[in-house]
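If you read the sequence shown in our numbering, its first letter stands for residue 26, the second for the next number, and so on.
For reference, the structure is listed below as C-alpha cells.
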Amino acid sequence: MKHLTFSFLLFSILASTSVSAKIQPTSGTLNNEGMCRLDMYHLTKSQQNTFIPDLQIAVITNNTMRHRYVDLKTDIEHPTGFENIHYYRSGSPVEVFTTNWRNNGNKHTVGRFVMLGGTSDKQAFDVFAALIKEDNGHFELRGNEKKYRFNASEKDVTDFLACVKSNYRP
Numbered sequence: 026m027k028h029l030t031f032s033f034l035l036f037s038i039l040a041s042t043s044v045s046a047k048i049q050p051t052s053g054t055l056n057n058e059g060m061c062r063l064d065m066y067h068l069t070k071s072q073q074n075t076f077i078p079d080l081q082i083a084v085i086t087n088n089t090m091r092h093r094y095v096d097l098k099t100d101i102e103h104p105t106g107f108e109n110i111h112y113y114r115s116g117s118p119v120e121v122f123t124t125n126w127r128n129n130g131n132k133h134t135v136g137r138f139v140m141l142g143g144t145s146d147k148q149a150f151d152v153f154a155a156l157i158k159e160d161n162g163h164f165e166l167r168g169n170e171k172k173y174r175f176n177a178s179e180k181d182v183t184d185f186l187a188c189v190k191s192n193y194r195p
C-alpha cells in the first residue's frame, strides 16, 4: 500500500507541474490564384519552454510567373555550402535532395532543393510534392548529423495540392 501511495503522490506532483511547452502549428498554407504555398515546420523546445521552428520548408508555386520550388530556412548558425538531405519514410531512405545553404542577412540560413546531381528546382518540387502527398505530410529529413521530423496537417497538404492542381499551369 505504501508503494501505491508513493506512486500516486509522485504522479500527482508530475502531473501538476507544467511540463508541456506552448503548442505551435506544424504546417500552414497560403493559397490563392497567384500563389500556392505549404509551410512545414520541424519544432524544437527552447529554454523558455516554447516550441520554435528549427527548420522550415516552404513548398511554393508562383502561378503568375510559372515557378515552382522548395525553399528551406533555418537558424544563422547552420553551416553554409552544399548539403545532401535524405528523405525518409518509416525509417527507410526514399530520395536524396541537395541544397546550397547561404546566409540571408544575419538572422537565417536559406537554401533551395534540387535533386541530387541535378540543377532543376522544378524537378525537386515535383518529386517532393509527390512524396509528401504519398506520406500525408508525415516524413523525416536527415542532413549532416541532424534529423528533422515533419507532421504536416493532412488538410494543409490536401488544400495545397488542390490549389496547385486548379491554379498552376506549367
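C-beta: ideal position from N, C-alpha, C; glycine also.
Nothing here was measured: the structure is a model prediction, and the numbers come from that model.
First and last residue of the uninterrupted alpha helix (DSSP H) at residue i
i	result
D151	D146 to E159
L186	E179 to N192
Segment limits, beta strand (DSSP E) that includes residue i
i	result
E108	G106 to R114
P78	F76 to N87
E165	H163 to R167
H20	Because the chain in this structure spans residues 26 to 195, residue 20 falls outside the shown range and cannot be described.
G143	G143 -> no beta strand (DSSP E), and no H or E assigned at all.
F138	Looking at the DSSP string, F138 is not in any beta strand (DSSP E), and its letter there is neither H nor E.
T124	S117 to N129
G59	Run containing G59: none; DSSP gives neither H nor E here.
K132	That residue, K132, is in no beta strand (DSSP E); it is neither H nor E in DSSP.
K171	Note, K171: premise wrong, no beta strand (DSSP E); not H, not E.
Residue i burial status per 10 Å Cβ neighbour count (16 or more: buried)
i	result
E170	exposed
L97	buried
G106	exposed
A149	buried
S115	exposed
G130	exposed
S117	exposed
M55	The residue you asked about is not Met; residue 55 is Leu in the sequence shown. Exposed, by the Cβ-count rule.
S52	buried
L63	buried
Own chain residues within Cβ distance below 7 Å of residue i, not counting five before or after
i	result
P104	W126
I77	L68, T69 and S71
A46	Residue placement at A46 is poorly supported in this model, since its pLDDT is 48, which falls under 50; the coordinates still yield a value, given next. Once the five neighbours on either side are set aside, the close Cβ partners of A46 are K70, N74, T75 and F76.
L141	N109, V121, F122 and T123
Residue closest to residue i, alpha-carbon to alpha-carbon, out of the options
i	options	result
A83	V182, S117, Q72 and P195	V182
V121	K158, N129, F138 and N131	F138
T134	K158, M90, D100 and M140	D100
R93	N161, A154 and A187	A154
N88	L80, Q81 and C61	C61
S145	Y112, T51, L55 and V95	V95
Y8	M65, D151 and G59	The structure shown does not extend to residue 8, since the chain is modelled only from 26 to 195, so the question has no answer here.
E165	E58, G59, H111 and G53	H111
G143	L63, D160, N109 and Y113	N109
V189	G136, E58, L141 and E159	E58
K132	L141, D184, E102 and Q81	E102
F185	M140, L80 and N161	N161
Y113	T51, M140, M90 and L156	L156
Sequence-distant residues of the same chain with beta carbon closer than 6 Å to residue i, five excluded per side
i	result
K147	R93
Presumed contact (8 Å Cβ cut-off) between residue i and residue j, rounded CB distance
i	j	result
T86	Y193	5 Å
Residues near residue i in its chain [Cβ-Cβ closer than 8 Å; skip 5 each side]
i	result
H163	F175, N176 and A177
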